[in-house]
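Residue numbers for the sequence shown follow the working numbering, beginning at 3 and rising by one.
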Amino acid sequence: MNILFDDRAMLISSEEATALVIADIHLGYEVALSEKTNVSFPPQNAAMIERIEKLVYAYDVTDLYLLGDIKHTISPDKHYNWSIIPQFIARLAQLASLTIVPGNHDGDLKNLLPRGVESSSIRGVIHETSEEQIALLHGHAWPASDLLNCKLMLVGHNHPSIKRIKVVSTPNLGRRDKLRSAKSIPVFVKSKLDRECVRRNAGLPKSDKKGFQTMVTLPSFNELVIGIQINRPDARFLGPIFENNCSNLLSATAYSNNGINLGSVEHLQTRLSEAFL
Numbered sequence: 003m004n005i006l007f008d009d010r011a012m013l014i015s016s017e018e019a020t021a022l023v024i025a026d027i028h029l030g031y032e033v034a035l036s037e038k039t040n041v042s043f044p045p046q047n048a049a050m051i052e053r054i055e056k057l058v059y060a061y062d063v064t065d066l067y068l069l070g071d072i073k074h075t076i077s078p079d080k081h082y083n084w085s086i087i088p089q090f091i092a093r094l095a096q097l098a099s100l101t102i103v104p105g106n107h108d109g110d111l112k113n114l115l116p117r118g119v120e121s122s123s124i125r126g127v128i129h130e131t132s133e134e135q136i137a138l139l140h141g142h143a144w145p146a147s148d149l150l151n152c153k154l155m156l157v158g159h160n161h162p163s164i165k166r167i168k169v170v171s172t173p174n175l176g177r178r179d180k181l182r183s184a185k186s187i188p189v190f191v192k193s194k195l196d197r198e199c200v201r202r203n204a205g206l207p208k209s210d211k212k213g214f215q216t217m218v219t220l221p222s223f224n225e226l227v228i229g230i231q232i233n234r235p236d237a238r239f240l241g242p243i244f245e246n247n248c249s250n251l252l253s254a255t256a257y258s259n260n261g262i263n264l265g266s267v268e269h270l271q272t273r274l275s276e277a278f279l
């Protein structure tokens with residue numbers, strides 16, 4: 003089994019299949035962002051379709067998983083939800099075998115899905131190959147018990163990114179260099195998931211499968227979404243897994259969009275703090 007990172011997505015390839023995993027599309031987010039800032043932002047649905055098509059064709063994808071928050075507004079009663087989501091999902095269903103794992107923003111999503119497309123349980127699904135089983139869920143709810151038997155779990159929900167800073171220099175004016183915030187960088191976060199902690203807090207039955215499970219939190223596929231900047235000292239991941247200390251963010255490792263190891267979250271937070279000293 004091979005795992006690749008590309009364009010805010012993960013690809014899992016085996017001898018018989020290649021799965022593309024995408025999290026947190028947040029269709030319609032540009033509308034909410036425009037209303038909040040009084041700045042016009044372009045629609046993202048067409049651009050995201052093009053990016054997904056590019057990945058599907060480049061890697062011969064057979065299975066496509068959407069890990070929640072398909073829409074941005076929790077309520078479906080917005081005109082852009084009805085005008086965008088059915089066509090968007092219908093196109094994805096043409097590209098590969100499509101599985102939708104609902105997120106916390108996906109209330110009444112089933113009413114927006116085209117005929118023949120259904121959503122799974124919020125407690126996740128398993129992608130099976132001849133080599134491995136991969137657990138997949140959004141991350142706002144506890145996983146189902148059988149997902150804890152997998153070696154690897156992929157989640158969304160927290161939209162991890164890294165806060166960038168840049169030096170603004172004005173030597174001609176005789177001023178000291180200043181630090182300014184720059185565009186955030188989306189990252190993948192790999193952490194350890196304590197299976198027994200999840201079972202205990204979620205009220206799941208005991209199992210012989212104990213110890214830690216590898217968990218990867220994907221960034222938002224929507225390029226307008228900044229998310230949680232993990233190198234800020236106040237960074238906290240949401241969802242029952244992290245809020246019940248079943249996985250630790252500080253000891254987690256961050257990876258760039260093309261899979262480069264960026265170091266531990268604790269190290270990244272220290273570097274950012276030192277930059278402002």
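The C-beta atom is built at its ideal place from N, Cα and C for all residues, glycine as well.
What do you get for residue i, buried or exposed, if any count of 16 or more other CB atoms within 10 angstroms of its CB means buried?
i: E37; result: exposed
i: A21; result: buried
i: I262; result: exposed
i: Y31; result: buried
i: M12; result: buried
i: S42; result: exposed
i: Y282; result: Here the chain has residues from 3 to 279 only, and residue 282 is not among them.
i: K140; result: Lys is not the amino acid found at residue 140; the sequence shown has His there. Answer is buried; the Cβ neighbour count reaches 16.
i: N83; result: buried
i: G241; result: buried
i: S193; result: buried
i: K165; result: buried
i: P44; result: exposed
i: S163; result: buried
i: I91; result: buried
Hey, out of the options, whose CA is closest to residue i's CA?
i: D110; options: R10, V33, T75; result: T75
i: S122; options: K211, S15, I102; result: I102
i: K185; options: K212, E133, L226, V218; result: L226
i: A237; options: H161, R197, M217; result: H161
i: F244; options: L274, G213, G158; result: G158
i: D26; options: N47, E17, E120; result: N47
i: E120; options: H142, Y82, N83, L68; result: L68
i: N151; options: P221, A92, A137; result: A137
i: K80; options: D108, V63, V189; result: D108
i: G70; options: I228, N224, S15, L274; result: N224
i: Q135; options: T216, N246, Y257; result: T216
i: H28; options: R201, G265, N106, V218; result: N106
i: N246; options: R125, S16, L66, D196; result: D196
i: V218; options: M155, K212, K165, N259; result: M155
i: P104; options: M3, S266, K73; result: K73
i: D62; options: S163, G213, R125, E18; result: E18
i: N259; options: I228, F239, L220, P45; result: L220
i: E198; options: K56, F7, G213, R93; result: G213
Could you name the residues that DSSP lists as bridge partners for residue i?
i: Q231; result: S163
i: D110; result: Answer is none; D110 lacks a bridge partner.
i: P188; result: S163
i: Y257; result: F190, N263
i: D8; result: A11
i: S249; result: L195
i: I136; result: H129, L154
i: K73; result: L29
From the DSSP output, in three-state form, read off residue i for me.
i: M217; result: strand
i: M50; result: helix
i: E130; result: strand
i: L66; result: strand
i: I124; result: coil
i: L195; result: strand
i: T101; result: strand
i: A34; result: helix
i: A21; result: strand
i: V200; result: helix
i: A237; result: coil
i: V58; result: helix
i: L29; result: strand
i: W144; result: coil
i: E268; result: helix
i: F43; result: coil
i: L206; result: coil
i: P116; result: coil
i: S16; result: coil
i: S85; result: helix
i: F90; result: helix
i: F244; result: helix
i: L226; result: coil
i: L274; result: helix
i: V170; result: Note that V170 scores 49 on pLDDT, short of 50, meaning its location in the model is unreliable and no value can be drawn from it.
The region 85–92 / the region 112–119 touching (three or more Cβ pairs under 8 Å): Flag = yes, the region 85–92 and the region 112–119 touch.
The region 202–215 contacting the region 42–56, beta-carbon criterion three pairs below 8 Å: Result no; under three Cβ-Cβ pairs closer than 8 Å.
Contact the region 256–275 vs the region 221–236: 3+ CB pairs below 8 Å: Flag = yes, the region 256–275 and the region 221–236 touch.
The region 126–141 / the region 93–100 touching (three or more Cβ pairs under 8 Å): By the Cβ rule, the region 126–141 does not count as touching the region 93–100, because fewer than three pairs are nearer than 8 Å.
The region 250–260 / the region 141–159 touching (three or more Cβ pairs under 8 Å): Under the 8 Å Cβ criterion, the region 250–260 does not count as touching the region 141–159, having fewer than three qualifying pairs.
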